Amino acid sequence: MKRQIATVFNEKFAAPPAAIYSSAGRINLIGEHLDYNGGYVLPGSIDKCIMAAIKPNGTDKVRLHAVDMNESCEFALSADAPVQQWARYVYGVCKETMKRNGLVQGFDAAFMGNVPLGAGLSSSAALESCFAFAINDLFNGNAIAKTELAKIGQDTEHNYCGVNCGIMDQFASVMGLEGKLIRINCETLEYDYVPFNPKGYRLVLIDTKVKHELVNSPYNQRRNSCERAAKALGVKLLCNSSIDKLPSIKGKIADEDYKRAEYVLAEQKRVIDVCESLKRDDYEAVGKLMYETHHGLSALYEVSCEELDFLNDVARECGVTGSRMMGGGFGGCTINLVKDGLYDAFVEAATSKFEAKFGHKPGVIDVKISDGAHKVC
Ligand code: GLA
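Here the sequence shown stands for residues 10 to 386, where the numbers follow the working numbering.
Below you can see the structure in the form of structure tokens.
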């Protein structure tokens, strides 16, 4: 990819790039929908990335070429946001960097990637993180803290893309390290790295290739439910409370909000249990907790869908160690922790059974935990 992106840059801008940067998509082992509740999450960046070749151009204009879409876009740093969605990510990163008194000058860039789109692997966070890292390196001598680069990506989503997301995706994309998951306290942004080298197991994602477009922004609705439950519990963020306090507000909030809170507070405990299990290399215990998470996301948080539930059932029937839907929900993929010896049989069963039921083949995406944002050369 490195050579290809340099070649395309040369063709488009008639000069070699000054540098090439990369940032990754992410998985999340456990801790779903906890980031905006101030809880712990356990993501890691993966071996699927967005790579950008860049060169300052001495003007106040940014000229972009998206290789995979074969589209170009140009905007002045002082102008309004461009119309193309993909370009708004880069525009937003420039603006958010400037808001923090970071220097941004005009540049030319070509980018491409292999993070599957729409699968819930945060291709948009990878794009934001790649450019935030590049701008910090090229124009600011890396003066902006890496955790702040993650916030630049998150604020880009909020202010330029209309997605009120938490910090997890951008944080994982910027901070990820090979062979390590990141346990992030999403309230304080304190974090530590948790080694993840599951010998004898593999991580594989099965992509439903569906994204149910739902009205009324269910993601924001879940946030609102959690905020109401937190208020009733007398805390700022729901994860500031604990599962044993929950019965005290039964009947005082809507049943639906109660169910959402029940999931969140149980999930918070599961993240801590998974971290303990990982210390003992007890992947069977990790897997059981992943199934519990799926059940909670499906029955209590209600962000799963028929296709995801089906894949979760197939995993269980095949004896897969751990399986659950991953990410925001309503489509995307399941994450599966599978014993090496079971891998082929599971992938074959998941693919054929899914196709027989839904009429199309799901995607199969093998993932390794790899480095997040960095300069390639
Ligand atoms: C999306 C959001 C994240 C997080 C997850 C659910 O990926 O972008 O911030 O809330 O959903 O865990």
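All C-beta atoms in this analysis are idealised placements derived from N, C-alpha and C, irrespective of residue type, glycine included.
Keep in mind the model is a prediction, meaning the values are calculated, not measured.
One residue list follows from the rule of a beta carbon closer than 5 Å to any heavy atom of the ligand GLA, given in chain order as 41, 42, 44, 174, 175, 177, 178, 336, 337.
Every unbroken stretch of the alpha helix (DSSP H) spanning 4 or more residues and falling wholly within the segment 262-290 is given here in chain order: 264-288.
Counting of Cβ neighbours within 10 angstroms places residue 299 among the buried residues, the total reaching 16 or more.
Beta-bridge analysis with DSSP links residue 334 to 343. Of 173, 364, 15, the smallest CA-CA separation from residue 227 is found for 173. Each residue's CA atom was taken as its position, placing residue 198 and residue 156 some 8 Å apart. In the structure shown, residue 76 falls within a coil segment according to DSSP collapsed to helix, strand and coil. Beta bridge pairing from DSSP links residue 373 with 215.
Taking 8 Å as the cut-off, the beta carbon of residue 213 is found closer than this to the beta carbon of residue 374. Residue pairing from DSSP places residue 81 in a beta bridge opposite 74. Boundaries of the beta strand (DSSP E) harbouring residue 58: 52-65, taken from the DSSP string.
Residue 35: member of the beta strand (DSSP E) spanning 28-37, first to last residue. In this structure, residue 360 lies near residue 370, with their beta-carbon atoms less than 8 Å apart. Taking a C-beta distance under 8 Å as the contact criterion, residue 346 and residue 207 qualify as a contact pair. Residue pairing by DSSP places residue 192 opposite 201 in a beta bridge. In the DSSP assignment, residue 122 forms a beta bridge with 59.
When the Cα atoms are used, residue 90 and residue 134 turn out to be separated by approximately 18 Å.
Three or more Cβ pairs drawn from the segment 145-163 and the segment 104-119 lie within less than 8 Å of each other, which places the two stretches in contact. Distance from residue 383 to residue 31 at the Cβ level is roughly 6 Å; contact confirmed, criterion being Cβ atoms closer than 8 Å. For a cut-off of 8 Å, the C-beta gap from residue 22 to residue 64 is around 7 Å, short enough to register as a contact. With 16 or more other Cβ atoms from the protein chains shown falling within 10 Å of its own Cβ, residue 41 counts as buried. Within the same chain, Cβ atoms closer than 6 Å to the Cβ of residue 180 are found at 159, 193, the five residues on either side in sequence being excluded. In summary, residue 94 is exposed, with fewer than 16 beta-carbon neighbours lying within 10 Å of its beta-carbon over all protein chains present. A distance below 8 Å separates the beta carbons of residue 380 and residue 33.
Judged by DSSP in its simplified three-state form, residue 86 adopts coil rather than helix or strand. The C-beta distance from residue 35 to residue 185 rounds to 7 Å, short enough to fall under 8 Å. The shortest CA-to-CA distance from residue 334 to any of 325, 245, 307 is the one to 307.
For residue 302, the closest of 204, 189, 278, 248 by C-alpha to C-alpha distance is 278. Residue 312 places its beta carbon less than 8 Å from that of residue 339. A distance of 8 Å or more separates the beta carbons of residue 100 and residue 45. Around the beta carbon of residue 163, a 10 Å sphere encloses 16 or more other beta carbons of the protein chains shown; the residue is thus reported as buried. In this structure, the alpha-carbon of residue 273 lies about 10 Å from that of residue 47.
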